[in-house]
Structures are given as structure tokens and as C-alpha cells.
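Residue numbers (this note's numbering), protein chains in the order written: chain A, 11 to 152; chain B, 11 to 152. For glycine and all other residues, C-beta sits at the position ideal for the given N, C-alpha and C.
Number of protein chains: 2
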Amino acid sequence: MVRLDDLVRKMSEHGWRVTDQRKTLANIFLETQSYLTPREVYERMGRHYNGLSYDTVYRNLRSMAEIGLIEQATLDDVVKFKLHCAEHHHHHHLICVKCEKTFSFVFCPLDHAPPMPDQFTALSHKFEVYGLCKDCNQEPAS
Amino acid sequence: MVRLDDLVRKMSEHGWRVTDQRKTLANIFLETQSYLTPREVYERMGRHYNGLSYDTVYRNLRSMAEIGLIEQATLDDVVKFKLHCAEHHHHHHLICVKCEKTFSFVFCPLDHAPPMPDQFTALSHKFEVYGLCKDCNQEPAS
DNA sequence: TTTGGTGCAAAAAGTTTGCATCCTT
DNA sequence: AAGGATGCAAACTTTTTGCACCAAA
């Protein structure tokens, strides 16, 4: 499990200053397993600060995504972020379309795919499975 | 290969009126194999019209994506569209990161994946391979 | 003390909406 | 003729930028 220390250390390693805002930001992602929009993050941050500015949150989200502390995705045409998972092996994700929690899926399509056609050189890939997690599956249809 | 008639017919089937704007829009995608931003589409449309409004293009892009005439994707944080491919079998795409052309890849990860963990129910999925196509591979590095 | 980070403000870019008019059906 | 589509304008949201001041190292 990822801890605050891990995130703070990574910030330092990148020569970042560890500000209160960044620590709070990190904590928010630590206690949230699902995706959050910048707006949602800002609102949660606001509970801890008075004069918080949105662009600081925004800048930090971008930066944190850049160094791999968090992951950015576009769900329903909306940009969202979640904590970068601790899983060490290469893996992909199951994403619940209802609660937006994510689950590791240690399986990579490229290990099972045929050779690339058209003399295409693969550099990276994205594989995501959308569906309902155990909890959301059991709830009555909304 | 998809033709203008096919697209026009599909519009009619959905009770749409076939306006010049929509025909031009369709033609633009027919002659472009790569992804286009709404802005790029608008500019190309502008070559055919004088008093063209951006929101008409925008509205039509959204609508055309809704009925599956074109496909929407988010590349580099930017929303883009391309023609929905004619391939009948379920398939995925190789996307060239340089020219953004796409190539069919008739292979589905879910056919080779182990059972979903965590009692997760898969509803849909996304699998895209990013890389360099034959042509871009041969060009000198930019 | 130094320099990067933050807050504030404002601009830029992207997306959506209302409405009178036009044009496909 | 009727109603959906367009053009125009404006609002709204999201993302980006400049700069003075503050604070982490």
C-alpha cells in the first residue's frame, strides 16, 4: 500500500518543495480509490484551507501526473485523476462505471497478441475494462 | 470502403436532414484517415463556406459521434474525431503517434484474458496500441 | 537567503445554449 | 407549410499565464 511518505519522498527526489498544499493533495488521493475531477479535488482541498486557489490545485495535478504520482484519464469526456497504483508488475485496470473505483488486472494484451500488421511499431498501449464492481453490481439498478 | 452514400443513408435513417454542411463534414472524414480536432474540421469546412459557424460543426460532430458515423477519442488530452471504420468484425486500433492515422487490428484482449477478478462484471473495454506506422517509421527522426 | 510555490486576476481555449431565420422534407 | 438545422451572439466551463508575495530548503 502506498503511504504519504512514499509520495513525499518522490516529490523531494524530483527537487520539489513539499508544501502543505501538496501534502494535502497527496492525502486526498491516498484516501480515495476512485477517480476525481480537478474540481472535486479542489473542493476537498478547500475543506482544509481558506484562501486556496484553483490554479494551484490544477498546476499540481498536472505536475503530479507528470512525475507519475497520480494517473490521468478521460472518463465520459472529463479529465480525472487517481493515485498511481503500487502494483509493481505491468498491469491494466478494471474501472467501475458507477463508483469509478479501479482494480488491478495483471494481464497484458500484448503478451497474447499476434504480430503487428502493416509494419507498425508498437510503442505503448492502453487497455481498460469498464464494468461494475462487486459492490455496485449488488446494488439495485439506479 | 465507406462511401458518402453510406453516411448519408445513415443520417436519413436517423431522421436527420441531409444538409450541405453535413455532407461536407462527411466528405472531410471520408478523405481523411487520421484524427481531426473540431477546430481542424471547422477550418476545412471553412474552405467550402463563407458564413460557417463553429458551433454547427461542433454540434454535428457530437451528433455524428452519437449515431456512430464517426469515432471520438482523446489523444494528448485533446478531443479528436475520425471516421468510423468499415470493418465489420469486432476489432481494435493501432494509432500512429506521429500522423495519427489508424489501422485495424483484428484481435481482442478479452478473448484471451483470464476471468475477471474481484467479481467484476465487464461491460465494455478499450484497447489501443500507439506507435509508428510504416511511413512514419521510415522518415528521419524529427 | 534563494528560488520555487502560491494566490489573485485575467486571458485564452473549449464547450454549451437561446433564438430568429433559413432550408430540407 | 412545418420543423429541424444553421448562424450569430453570448454564457459558461475548463485550462493557461503573468506577477507580486510567501515560505520551504
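In angstroms, rounded to a whole number, what distance separates the CA positions of residue i and residue j?
i, j, result
"residue 101 of chain A", "residue 92 of chain A", "16 angstroms"
"residue 74 of chain B", "residue 88 of chain A", "19 angstroms"
"residue 51 of chain A", "residue 97 of chain B", "41 angstroms"
"residue 23 of chain B", "residue 64 of chain B", "25 angstroms"
"residue 38 of chain A", "residue 107 of chain A", "21 angstroms"
"residue 66 of chain B", "residue 149 of chain B", "37 angstroms"
"residue 90 of chain A", "residue 128 of chain B", "23 angstroms"
"residue 114 of chain B", "residue 138 of chain A", "18 angstroms"
"residue 105 of chain B", "residue 49 of chain B", "20 angstroms"
"residue 5 of chain B", "residue 82 of chain A", "Since the displayed chain B opens at 11 and closes at 152, residue 5 of chain B lies outside it and no answer follows."
"residue 21 of chain A", "residue 85 of chain A", "27 angstroms"
"residue 60 of chain A", "residue 26 of chain A", "23 angstroms"
"residue 79 of chain B", "residue 146 of chain B", "27 angstroms"
Give the single residue among the options whose Cα lies nearest to the Cα of residue i.
i, options, result
"residue 32 of chain A", "A:90, A:45, A:50, A:55", "A:55"
"residue 116 of chain B", "A:117, A:126, A:116", "A:126"
With 16 other CB atoms within 10 Å as the buried threshold, where does residue i fall?
i, result
"residue 70 of chain B", "buried"
"residue 45 of chain A", "buried"
"residue 11 of chain B", "exposed"
"residue 119 of chain A", "buried"
"residue 99 of chain A", "exposed"
"residue 14 of chain B", "exposed"
"residue 77 of chain B", "exposed"
"residue 112 of chain B", "buried"
"residue 110 of chain A", "buried"
"residue 122 of chain B", "exposed"
Tell me whether the segment 129 to 147 of chain A and the segment 131 to 138 of chain B touch, counting them as touching only if at least three CB pairs, one residue from each stretch, are closer than 8 angstroms. Judged by Cβ distances under 8 angstroms, the segment 129 to 147 of chain A makes contact with the segment 131 to 138 of chain B, as three or more pairs qualify.
Can you pull out the residues from the segment 124 to 135 of chain B whose beta carbon lies closer than 9 angstroms to at least one beta carbon of chain A? So the list reads 124, 126, 127, 128, 129, 130, 131, 132, 133, 134, 135, given in the order they occur along the chain.
Residues in the segment 53 to 64 of chain B with C-beta within 8 angstroms of chain A's C-beta atoms, listed in sequence order? Flagged: no residues at all.
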